[in-house]
Structures are given as C-alpha cells and as structure tokens.
Amino acid sequence: MTTRIDSWVWSVRLAKTRSAAGAACRAGHVQVNGTTAKPATPVSIGDRVTVRLHQQTKIVEVVKLISKRVSAPVAAECYIDHSPPPPPKEVLASIPRRDRGAGRPTKRERRQIDRLQSGSMLLAVFAALVLLVSGCTNGNSPDVVSTQTPKPGTGPQFARCGGLTTEDVIATSGMAGLKLAIDNTSTCEWRADSEQRNGSVSFNWYRGSPIGRERGTEQLSRDTTSDYEVDGHPGFIASTEGICETAIAWDADFIEISMASPRGPDRLPTIALGDLCKAAKTITEKVVKGAS
Numbered sequence: 012m013t014t015r016i017d018s019w020v021w022s023v024r025l026a027k028t029r030s031a032a033g034a035a036c037r038a039g040h041v042q043v044n045g046t047t048a049k050p051a052t053p054v055s056i057g058d059r060v061t062v063r064l065h066q067q068t069k070i071v072e073v074v075k076l077i078s079k080r081v082s083a084p085v086a087a088e089c090y091i092d093h094s095p096p097p098p099p100k101e102v103l104a105s106i107p108r109r110d111r112g113a114g115r116p117t118k119r120e121r122r123q124i125d126r127l128q129s130g131s132m133l134l135a136v137f138a139a140l141v142l143l144v145s146g147c148t149n150g151n152s153p154d155v156v157s158t159q160t161p162k163p164g165t166g167p168q169f170a171r172c173g174g175l176t177t178e179d180v181i182a183t184s185g186m187a188g189l190k191l192a193i194d195n196t197s198t199c200e201w202r203a204d205s206e207q208r209n210g211s212v213s214f215n216w217y218r219g220s221p222i223g224r225e226r227g228t229e230q231l232s233r234d235t236t237s238d239y240e241v242d243g244h245p246g247f248i249a250s251t252e253g254i255c256e257t258a259i260a261w262d263a264d265f266i267e268i269s270m271a272s273p274r275g276p277d278r279l280p281t282i283a284l285g286d287l288c289k290a291a292k293t294i295t296e297k298v299v300k301g302a303s
C-alpha cells in the first residue's frame with residue numbers, strides 16, 4: 012500500500028497546506044530515501060522522508076500511511092522523528108533575512124549574496140592571519156598577507172554526465188537495471204525504477220555555489236559527514252542508512268555523486284552502507300581524474 016508524498020506530508024502536518032506540500036516537492040525540498048520526490052511520488056511504510064521548509068529540516072521514518080489531515084497527536088504516531096536538533100539561536104540570528112514582502116532573490120541578488128558570504132568569511136580569515144603575523148614579527152617588518160576570493164567557473168570541465176556511462180555506473184554500483192532517467196548539462200541520474208526510484212546514482216555539477224553551504228545541509232540531514240579529498244581537491248562524504256554522497260570542490264565550483272541503495276520488500280537497503288560508500292568513492296575518483 013502506498014500514498015502520494017504530497018498528501019502524506021500534508022496529512023501528518025509537516026506542511027500547513029496540501030498546496031504547500033506540493034510546492035515543496037516541485038521546488039526539490041522533499042526527498043524520499045535520499046532522492047528528490049515529485050508531488051505524486053509514492054511513499055511506503057519504512058521510507059525515510061526529508062522535508063526542508065522555512066529554514067528547517069525534518070527527517071522522519073514512515074510508520075503509518077494516511078491521506079487525510081489529522082490532529083497533531085495522531086499525526087505524531089504516523090512517523091518516527093529522526094530530525095537533528097535545531098541550530099543554536101546564535102547561528103539562527105546570524106543568518107541574513109530579506110524584508111517581508113521583498114519576494115525571492117533574483118539570480119543577480121543570489122550571486123551577490125554568495126559573494127558577500129564568501130567575502131565575509133575570507134575577511135575574517137584575513138584578519139586572523141594579520142593578527143597572527145603581527146604577533147610573530149616586530150614593528151620593523153613590513154610583512155603583508157594577501158588572499159584571493161574563490162571565483163565560480165575556475166574548476167575543470169566535465170564531459171556529459173561527468174564522463175560516466177550507464178555500463179560504468181551499473182558495474183561500480185552493483186545495481187542491475189539502471190537506466191539514464193535525467194540527462195542535462197549539470198545533472199545525470201540513473202534509476203532502477205523510474206516510478207519509485209528504488210535504487211539510484213546521480214552526478215551533479217554545481218558552478219558558482221560554494222561547497223560549504225552544501226556540506227551544512229548534509230550535516231543536518233545525514234548521520235555522518237567527514238572530510239574527503241581526491242588528488243588534493245577538498246570535499247566531504249556524507250552517509251545515512253541506504254544513502255551515501257560525496258562532493259569535491261574547485262574554488263566556488265563542486266561536483267556531487269549521490270547513491271541510494273535499492274530496498275527490499277522489508278524496506279531495508281539491499282546494499283551495505285560500507286559497499287555503497289566504496290562505490291561512491293570509486294565513481295567520484297573516476298570523474299575527477301577524467302576531468303579536463
């Protein structure tokens with residue numbers, strides 16, 4: 012038995028309205044078992060659902076299927092909450108906010124925000140280095156510390172789908188029957204089941220989007236996140252049950268490899284997490300070393 016994800020999210024009160032739940036799905040803010048869900052994506056008992064709304068992330072495990080709005084106490088019985096604790100008030104207070112009624116930022120404004128955020132961080136690092144140098148030298152030493160703001164588009168060029176073929180992905184992941192479901196200049200996704208996305212591998216190429224923001228999101232939604240690098244290029248690897256993701260950065264560009272294990276009739280992953288992350292690393296290294 013299954014039900015639509017937008018209906019379930021609204022019914023268990025993770026979204027205030029049915030239309031808000033559908034809008035969150037269309038905007039890519041809802042995931043089922045680590046894969047972005049459309050409003051009509053079916054959800055089953057045992058699935059892990061991630062919902063990002065109003066700068067908050069909810070991670071829940073489905074234990075009961077409903078399609079009608081219920082009271083808060085009844086809704087709480089329909090899932091197990093695995094959400095991380097909210098960030099400290101100091102962190103929330105430091106997040107810049109737009110004036111009410113100003114609408115969503117334009118592309119130009121988002122670029123300006125990214126430059127401002129990266130510039131502020133670099134300024135803090137610069138100030139710390141200046142203090143360190145001044146503390147280690149005397150007043151007669153004119154040492155100067157300089158730094159450079161990371162720029163988008165300075166990373167390597169990748170072939171279509173990162174140079175990966177369907178045969179490469181099947182052989183490395185161990186997921187039989189994968190087919191290329193999404194193919195564009197920045198994203199390729201292979202799925203074993205186009206309807207329920209039961210098992211998937213994706214390559215994503217982000218330009219002008221600092222990796223730190225993506226890592227912060229992963230730290231909120233995954234069980235573990237740690238440093239990871241390939242050929243001296245920094246990044247991270249994040250994982251949770253049945254899902255493993257890697258990301259490697261070049262200045263303000265980065266790529267991400269995401270793998271979600273197929274699930275059996277008991278809704279448990281059929282690929283061990285260690286094997287899943289090993290495959291994700293192998294694919295990542297192949298993409299990085301094949302870049303031009």
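Each residue of the sequence shown is one higher than the one before, counting from 12 in this note's numbering. Using N, Cα and C, we set each Cβ at its ideal position, and we do this for glycine too.
How would you label residue i, buried or exposed, when you count the other beta carbons within 10 angstroms and need 16 or more for buried?
| i | result |
| --- | --- |
| residue 200 | buried |
| residue 189 | buried |
| residue 173 | buried |
| residue 42 | buried |
| residue 225 | buried |
| residue 197 | exposed |
| residue 83 | exposed |
| residue 236 | buried |
| residue 187 | exposed |
| residue 229 | buried |
I think residue i touches residue j, with their Cβ atoms under 8 angstroms apart; what is that distance to the nearest whole Å?
| i | j | result |
| --- | --- | --- |
| residue 243 | residue 265 | No, residue 243 and residue 265 are not in contact; Cβ-Cβ is about 14 angstroms, not under 8 angstroms. |
| residue 185 | residue 290 | 7 angstroms |
| residue 58 | residue 278 | 7 angstroms |
| residue 215 | residue 267 | 4 angstroms |
| residue 180 | residue 86 | 38 angstroms between Cβ atoms; not a contact. |
| residue 175 | residue 294 | 7 angstroms |
At which residues does the alpha helix (DSSP H) containing residue i begin and terminate?
| i | result |
| --- | --- |
| residue 296 | 284–300 |
| residue 225 | 222–232 |
| residue 199 | Here residue 199 belongs to no alpha helix (DSSP H); instead the beta strand (DSSP E) covers 198–202. |
| residue 16 | 16–22 |
| residue 179 | 177–184 |
| residue 81 | Per DSSP, residue 81 belongs to no alpha helix (DSSP H) and is neither H nor E. |
Quick one: Cα of residue i to Cα of residue j, how far?
| i | j | result |
| --- | --- | --- |
| residue 221 | residue 261 | 9 angstroms |
| residue 263 | residue 34 | 29 angstroms |
| residue 69 | residue 300 | 36 angstroms |
| residue 52 | residue 61 | 13 angstroms |
| residue 194 | residue 296 | 21 angstroms |
| residue 249 | residue 79 | 34 angstroms |
| residue 275 | residue 283 | 12 angstroms |
| residue 72 | residue 54 | 10 angstroms |
| residue 182 | residue 238 | 26 angstroms |
| residue 273 | residue 202 | 10 angstroms |
| residue 292 | residue 81 | 43 angstroms |
| residue 258 | residue 170 | 17 angstroms |
| residue 65 | residue 15 | 22 angstroms |
| residue 77 | residue 26 | 14 angstroms |
| residue 240 | residue 92 | 32 angstroms |
| residue 167 | residue 302 | 6 angstroms |
| residue 223 | residue 67 | 18 angstroms |
| residue 298 | residue 13 | 37 angstroms |
| residue 204 | residue 96 | 33 angstroms |
Got a sec? Which residues, its chain only, sit under 8 angstroms from residue i by beta carbon, not counting five neighbours each side?
| i | result |
| --- | --- |
| residue 29 | 17, 18, 21 |
| residue 75 | 56, 88, 89, 90 |
Residues in its own chain within less than 7 angstroms of residue i by CB, not counting five upstream and five downstream?
| i | result |
| --- | --- |
| residue 49 | 36 |
| residue 271 | 44, 45, 46, 210, 211, 253, 254 |
| residue 63 | 40 |
| residue 280 | 252, 253, 272, 274 |
| residue 231 | 68, 95 |
Leaving out five residues on either side along the sequence, give the residues of the same chain with a beta carbon under 6 angstroms from the beta carbon of residue i.
| i | result |
| --- | --- |
| residue 94 | 69, 70 |
| residue 39 | 47 |
| residue 251 | 233, 234 |
| residue 213 | 200, 269 |
| residue 151 | Because residue 151 sits at a pLDDT of 48, beneath the cut-off of 50, its placement in the model cannot be relied upon, and the point is left open. |
| residue 287 | 255, 270, 272 |
| residue 285 | none |
Which stretch, first to last residue, makes up the beta strand (DSSP E) that contains residue i?
| i | result |
| --- | --- |
| residue 37 | Here residue 37 belongs to no beta strand (DSSP E); instead the alpha helix (DSSP H) covers 29–37. |
| residue 61 | 59–64 |
At a threshold of 7 angstroms, does residue i count as lining the ligand COA (C-beta to nearest heavy atom)?
| i | result |
| --- | --- |
| residue 62 | Although the ligand COA was asked about, the structure shown includes no ligands whatsoever. |
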